[in-house]
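Chains as they are written, first to last, in this note's numbering: chain A, 1 to 343; chain B, 1001 to 1201.
Cβ atoms here follow ideal geometry from the backbone N, Cα and C, with glycine treated the same way.
Notes to accompany the following structure.
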Amino acid sequence: MPVVRLTEYSQRGGCAAKLGPGELAGVLKQLPVTFNPNVLVGIATSDDAGVYKLNATTALVQTVDFFTPIVDDPYLFGQIAAANSLSDIYAMGATPITALNLVAFPNCKLPGEVLQAILQGGQDKVAESGAVIIGGHSIADDEPKYGLTVTGLAHPDKIWTNAGAQPGDQLVLTKALGTGILTSAARADLFPQGVAAATAGMAALNAVAAKVAAGFSVHACTDITGFGLLGHLYEVAAGSKVSITVNSAALPLLPDAAEAAGMGLVPAGAYANRNYLKTVTFAEHVQENIRDICFDPQTSGGLLLAIPAKQAEELLAALHDAGLAQACLIGQVMDGGGEIYVR
Amino acid sequence: MSDKVVDCRGLVCPQPVIQTKKTLEAVESGRITIIVDNEVAKINVIKFAAAKGLSAAVEEKNGHYYITVIKGTGQQSVSAAAPIPGSAPEAGGQVYLITQDTLGHGAPELGAVLMKAFMTTLLEARPQPAALLFINSGIRLTIQGSPVLEQLQMLAERGVTVLACGTCLDYYQLKEQLSVGEVTNMYTIVETISHAKAVTL
């Protein structure tokens, strides 16, 4: 297969290629909301996936996600895209069962082997999750894009939403932050060590984190993706009608992320997230590069779990025992109405 | 002195930062104007300049931003990658890459004695070195209980940059015990040794 730099075929990679949260919210609110009693989680609460109750014991959990190349290696891109798509299922506390490929490919510019490698990466990652790809759809396009729709199953009473956080809960984050910044660094051929760590993190499934957390009283869960840590925390805070305090010193950071942010390798999506989020208050001592990381769009980021304080240490230890060394307690939930404080 | 213009209009992030970096590295001294056409690129280029210890002036014309950065004659690019305090009047340009916790190859006891003698003598050297970079077992010299900790702390107080490899601290599980200087990465190490007179020990 010829060596191609896949990221050169797109202007923006991964979840940084999302529409901004403000832009999207403005459009969605123009559309009428349809009511159906079987819809347990719909578009109203900006959750990770939709949930439809089939019967008293089974709910269908569905999600779709696709994006432009975030790394140059097509096989790795496939793996990351699949891990990212599957993540929404894990964030709802569900088990993935089937997936469909979504592909856009510049077949005049790139050889078929590249597409094959992308799909192989996706297929291998879906197989690792225990689910199976049962079809897909492709179109010719100038920019390569790949992702999947994923369907999962859960008990209707055991769905994790982003709207259940309670005052007093502790917040656990299971992966380190900074994938958007380090993806910028990769395009600049800088910080190879941090880029390698970011790539490995993005390709890792959230399956283990979800499985471990299932043994605890999870009040709310979401995965950290394109809207950045604070964007997704805001969804939790607003959805749960609480406020959240983040301890910036406790945030798990990818190697080199702080330094890369400090030298201006900050993706446009981070600024879009920052402009949209008006309810965030930073303590004065929180440095600019850490603020950037808080807004940095993540691709295939970790799970953010709201857990009763008395179970928090135990959950953290269980995550560490399961090999998730980056998992950290990053903050707590308090009374309020959607405010985020970063101290 | 030279004047340079880097036109980054139409380029998406991180290209404006990369172009700025390349130009700053290529130019010994002078005024560099970077032109960008969006707010994000403007902020990122200003951040980059600040990280290199340079101030930037911004002028807006017809929706485009003209960012002017002045690289002084005395400004070494090495001082930017790893802020080596140019303020230390005695600081020279010498950089030492210290790859082990003993000096030279042979009997380890002798190597330890020699390393202590070296660091103690270095305190007397004029000009003082610009930076000491510690990698592999060399990082053992920067942690609690190091036989040369006192010497390194004195050097650091005088403005000598002391940097310890983060990967190495992690590997030896000694990050918590770092007692002098700061954690660094291979990027900064390569930048620092390639822009200075470097000696490997």
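Excluding sequence positions up to five before and after Ala165 (chain A), its CB lies within less than 6 Å of the CB of His219, Ala220, Val236, Ser240, Val242, Ala306, Val333, all in the same chain and listed in chain order. If you compare the alpha carbons of B:Thr1068, B:Ile1139, B:Lys1052 with that of Glu1059 (chain B), the shortest gap goes to B:Thr1068. Cβ-Cβ distances below 6 Å link Thr95 (chain A) to Gly152, Leu153 in the same chain, with the five nearest sequence neighbours on each side left out; the list follows chain order. Under the three-pair Cβ rule at 8 Å, the region 1091-1100 of chain B counts as touching the region 1134-1149 of chain B. Within the region 184-215 of chain A, Ser184, Arg187, Ala188, Leu190, Phe191, Gln193 place their CB atoms closer than 7 Å to a CB of chain B, listed in sequence order. The C-alpha of His1195 (chain B) is placed about 53 Å away from the C-alpha of Val132 (chain A). Contact with chain B is found for Leu265 (chain A), since one of that chain's Cβ atoms lies less than 9 Å from the residue's Cβ. For His1064 (chain B), the enclosing beta strand (DSSP E) starts and ends at 1064-1071. In summary, the residues of the region 247-258 of chain A whose CB is separated from some CB of chain B by less than 9 Å are Pro255, Asp256, in the order they occur in the chain. The C-beta separation of Gly331 (chain A) from Val246 (chain A) comes to about 4 Å, placing the pair in contact by the 8 Å criterion. Here Tyr146 (chain A) really is in contact with Gly122 (chain A); their C-beta atoms are around 7 Å apart, less than 8 Å.
Under the Cβ criterion (8 Å, minimum of three pairs), the region 107-120 of chain A does not count as touching the region 196-205 of chain A. For Glu1039 (chain B), the uninterrupted alpha helix (DSSP H) segment begins and ends at 1039-1051. Below the 8 Å Cβ cutoff, chain B contributes Glu1039, Val1040, Ile1043 as neighbours of Tyr271 (chain A), in chain order. A contact is defined here as three or more CB-CB pairs under 8 Å, and the region 1118-1129 of chain B meets this definition with respect to the region 1153-1161 of chain B.
In the DSSP assignment, Met334 (chain A) is bridged to A:Ser243. Assignment of Ser138 (chain A) by DSSP, reduced to helix, strand and coil, places it in the strand class. Between Ala104 (chain A) and Asp141 (chain A), the CB-CB gap stays under 9 Å. Any Cβ of chain B closer than 9 Å to the Cβ of Ala283 (chain A) would place that residue at the interface, and such an atom is absent. Taking the C-beta atoms as reference points, Ala1156 (chain B) is found nearer than 9 Å to Val1180 (chain B). In the DSSP annotation of this structure, the continuous segment of the beta strand (DSSP E) that includes Ala1056 (chain B) starts and ends at 1056-1061. Taking CB atoms only, Cys1168 (chain B) has no neighbour in chain A less than 9 Å away. The Cβ neighbour count for Val342 (chain A), taken over all protein chains shown within 10 Å, is at least 16; the residue is labelled buried.
Counted as a single uninterrupted DSSP element, the beta strand (DSSP E) harbouring Tyr52 (chain A) occupies residues 50-53. Along the region 1041-1066 of chain B, going in chain order, the ones with a CB nearer than 9 Å to a CB of chain A are Ala1041, Ile1043, Asn1044, Val1045, Ile1046, Lys1047, Phe1048, Ala1049, Ala1050, Ala1051, Lys1052. Val1027 (chain B) sits close to Lys1004 (chain B), with the two beta carbons spaced by under 9 Å.
Against chain A, the CB of Ile1032 (chain B) has no partner CB under 9 Å away; the residue lies outside that interface. In the three-state reduction of the DSSP assignment, Tyr1096 (chain B) falls in the strand class, which pools E and B.
The Cβ of Cys1008 (chain B) sits no closer than 9 Å to any Cβ of chain A. For the region 1182-1201 of chain B, the set of residues with a beta-carbon nearer than 7 Å to any beta-carbon of chain A comprises Asn1185, Met1186, Tyr1187, in chain order. Counting only runs that start and end inside the region 1093-1156 of chain B, the alpha helix (DSSP H) elements of at least 4 residues fall at 1108-1122. For a Cβ distance threshold of 7 Å, residue set Cys1013, Val1040 of chain B lies close to Ala268 (chain A), ordered along the chain. If only uninterrupted beta strand (DSSP E) runs of at least 3 residues are considered, those enclosed by the region 114-178 of chain A are 132-140, 145-154, 170-173. DSSP lists A:Leu303 as the bridge partner or partners of Asp223 (chain A). Per DSSP, Asp65 (chain A) is not a residue of any alpha helix (DSSP H); the beta strand (DSSP E) it occupies stretches across 59-67. If you look at Ile340 (chain A), you'll find it in the beta strand (DSSP E) that goes 340-342.
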